[in-house]
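Chemist: Take this structure, written in structure tokens, and hold onto it; I'll ask about it next.
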Amino acid sequence: MKHIKLQEILRNRFILFMGVLLLFFLSSLFQIIPIKLFNIDPANITDSQQIYLTLFSNFILALILIIIFRKSIKEDFKKLKKNFFTIFDKSFTIWIIGLTCMATFNIIINKFFPTSIANNEETIKSMITVNPVIMLLSTSIFAPIIEELVFRKGFRIAIKNNFAFVLISGLVFGALHVVLSIQSIYDYLYILPYCSLGIAFSYIYYKTDNIYAPIMIHMIHNFLITLLNIYALGIGMIFK
């Protein structure tokens, strides 16, 4: 009887995990809603329109994920209020270590392959040029919420071993930031820095057992990186 109950629990966890992953990979389909509502021609979508369509699909995905994990999200929020400074201090320290590893890998890659740049980074910079305000909103709020609920909350459901969770969640998170936009063999090199950050976020979640910890740090990281890109591309464009 206990064996049957355990199988049911494992099966339910697997179904939830796969459902969350499926939502993540198919979330772009939500863009069909505004395309149909506003009679947008799918064959002639402008860069500006694409940014708003992506923002819409990210909003819907984030909302669905929050609803799915609403119970544990509420419980984590109560824990966060009681131990905010302890959780934040621990999370910030881990992030700095992960950021240092990420920067080190980037320096090494740029030293030996000075003409290469991650295609994912090029795409982000291109979108920032089109609409920096929306990109700042998207990367600093929606991306961290979605990615942490999927790669930390979702993966934790399926992987209970701490070491395996931190490693697999971090590696998959990092790799997907690169392999989904591969255009050159040099792009594969950037799996290392992205995985460094992914492992740091996973370790933060493992050490704090609070989903708000990696979400907060992820938001801070993306906000600073996006702001630096806006400044590098021309700070005046944010007021367009």
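As numbered in the numbering used here, the sequence shown has no gaps in its residue numbers, which increase by one up to the final residue, 315.
Note that the Cβ used here is the ideal one computed from N, Cα and C, for glycine as well.
Given the structure is predicted, the values throughout are model-derived calculations rather than measurements.
(1) Locate the alpha helix (DSSP H) running through Ala233, then write down its first and last residues.
(2) Enumerate, from N- to C-terminal direction, the unbroken alpha helix (DSSP H) stretches of 4 or more residues contained entirely within the stretch 253-284.
(3) So is Gly173 buried or exposed if we call it buried at 16+ other beta carbons inside 10 Å?
(4) Below 8 Å on the Cβ atoms is my guess for Leu211 versus Thr301; work out the distance and round it to an integer in Å.
(5) Measuring straight from C-alpha to C-alpha, what distance separates Asn297 and Met93?
(6) Could you give the distance in angstroms between the alpha-carbon of Gly311 and the alpha-carbon of Thr214?
(7) Are the CB atoms of Tyr127 and Ile209 within a distance shorter than 8 Å?
(8) Can you find the residues in the same chain that come closer than 7 Å, C-beta to C-beta, to Ile162, ignoring five residues on each side of it along the sequence?
(9) Assign Arg227 to buried or exposed, taking buried as 16 or more other Cβ atoms, counted over all protein chains shown, within 10 Å of its Cβ.
(10) Which same chain residues end up closer than 8 Å to Phe376 when comparing Cβ atoms and leaving out the 5 residues on each side of it in sequence?
(11) Helix, strand or coil: which one does DSSP assign to Asn297?
(12) Would you mind sorting Gly309 into buried or exposed? The rule is 16 or more other CB atoms within 10 Å of its CB.
(13) Cutting at 8 Å between CB atoms, please list the residues of its own chain near Asp122, excluding the five before and the five after it.
(14) Leaving aside the five residues before and after Asp151 along the sequence, list all residues of the same chain whose C-beta is less than 6 Å from its C-beta, in chain order.
(15) To the nearest angstrom, how far is the alpha carbon of Ile234 from that of Ile115?
(16) Measuring only the C-alpha atoms, how far is Phe100 from Phe187?
(17) Comparing C-alpha positions only, which one of Asn236, Ile182, Ser259 and Ile279 sits nearest to Glu223?
(18) Could you tell me the distance, in whole angstroms, from the CA atom of Lys315 to the CA atom of Leu303?
(19) Would DSSP call Thr129 helix, strand or coil?
(20) Give me the Cβ distance between Val241 and Ile274, rounded to the nearest whole Å; I'm assuming they're in contact under 8 Å.
(21) In or out: Pro219 buried (at least 16 other Cβ within 10 Å) or exposed?
(22) Buried or exposed for Asn133, going by 16 or more other Cβ atoms inside 10 Å?
(23) Quick one: using the 10 Å Cβ neighbour count with 16 as the cut-off for buried, is Ser102 buried or exposed?
Modeler: Taking the coordinates as given:
(1) Indexing the sequence shown from 1 puts residue 233 at position 158. Residue range Phe230 to Ala233 is occupied by the alpha helix (DSSP H) that includes Ala233.
(2) Listed in chain order, the alpha helix (DSSP H) elements of length 4 or more contained wholly in the stretch 253-284 are 266-283.
(3) Position 98 of the sequence shown holds residue 173. Counting Cβ neighbours within 10 Å, Gly173 comes out buried, since at least 16 surround it.
(4) In the sequence shown, counting from the first residue as 1, residue 211 sits at position 136. In the sequence shown, counting from the first residue as 1, residue 301 sits at position 226. With 8 Å as the limit, Leu211 and Thr301 qualify as a contact, their Cβ atoms being about 5 Å apart.
(5) Locating residue 297 in the sequence shown gives position 222, where the first residue counts as 1. Locating residue 93 in the sequence shown gives position 18, where the first residue counts as 1. Those two C-alpha atoms are separated by around 26 Å.
(6) Within the sequence shown, numbered from 1, the residue matching residue 311 stands at position 236. Within the sequence shown, numbered from 1, the residue matching residue 214 stands at position 139. Note that Gly311 has pLDDT 49, beneath the 50 cutoff, so the model's placement of it is unreliable and the number below is only indicative. For Gly311 and Thr214, the distance between alpha carbons rounds to 19 Å.
(7) For this step, residue 209 is matched to residue 134 along the sequence shown. For this step, residue 127 is matched to residue 52 along the sequence shown. Going by C-beta atoms, Ile209 is nearer than 8 Å to Tyr127.
(8) As a working note, residue 162 is residue 87 in the sequence shown. Answer for Ile162: Leu155, Thr283, Asn285 and Ala288, listed in chain order.
(9) Here residue 227 is taken as the residue at index 152 of the sequence shown, counted from 1. With 16 or more other Cβ atoms within 10 Å, it is buried.
(10) Not covered by the structure: residue 376. The range shown for the chain is 76 to 315.
(11) Position 222 of the sequence shown, counted from the start, is the residue given in the question as residue 297. In the structure shown, Asn297 sits in a helix (DSSP, three-state: H, G or I).
(12) Taking the first residue of the sequence shown as position 1, residue 309 is located at position 234. Counting every other CB atom within 10 Å of its CB across the protein chains shown gives Gly309 a total below 16, marking it as exposed.
(13) Your numbering for residue 122 matches position 47 in the sequence shown. Counting only Cβ-Cβ distances below 8 Å, and skipping sequence neighbours, we find Ser201, Met202 and Val205.
(14) Taking the first residue of the sequence shown as 1, we reach residue 151 at position 76. Cβ within range, chain order: Asn285, Ile286 and Tyr287.
(15) Residue numbering aside, residue 234 sits at position 159 when the sequence shown is read from its first letter. Residue numbering aside, residue 115 sits at position 40 when the sequence shown is read from its first letter. Answer to the nearest angstrom: the Cα atoms are 42 Å apart.
(16) Within the sequence shown, the letter at position 25 stands for residue 100. Within the sequence shown, the letter at position 112 stands for residue 187. Our two residues, Phe100 and Phe187, have alpha carbons roughly 34 Å apart in a direct line.
(17) Taking the first residue of the sequence shown as position 1, residue 223 is located at position 148. Among Asn236, Ile182, Ser259 and Ile279, the Cα nearest to that of Glu223 belongs to Ile279.
(18) Translated into the one-based positions of the sequence shown, residue 315 becomes position 240. Translated into the one-based positions of the sequence shown, residue 303 becomes position 228. Its pLDDT being 45, under 50, Lys315 is placed unreliably in this model, and the value from its coordinates should be taken loosely. The alpha-carbon atoms of Lys315 and Leu303 are separated by roughly 17 Å.
(19) One-based indexing of the sequence shown puts residue 129 at position 54. Correct three-state label for Thr129: helix.
(20) Position 166 of the sequence shown, counted from the first residue, corresponds to residue 241. Position 199 of the sequence shown, counted from the first residue, corresponds to residue 274. Contact between Val241 and Ile274 is confirmed by a C-beta separation of about 6 Å, below the 8 Å threshold.
(21) The count along the sequence shown starts at 1 and reaches residue 219 at position 144. Buried, by the Cβ-count rule.
(22) What you label residue 133 is simply residue 58 of the sequence shown in a count that begins at 1. Residue burial annotation: Asn133 is buried, with at least 16 other C-beta atoms found within 10 angstroms of its C-beta.
(23) Reading the sequence shown from its first residue, position 27 is the one you call residue 102. Label assigned to Ser102: buried.
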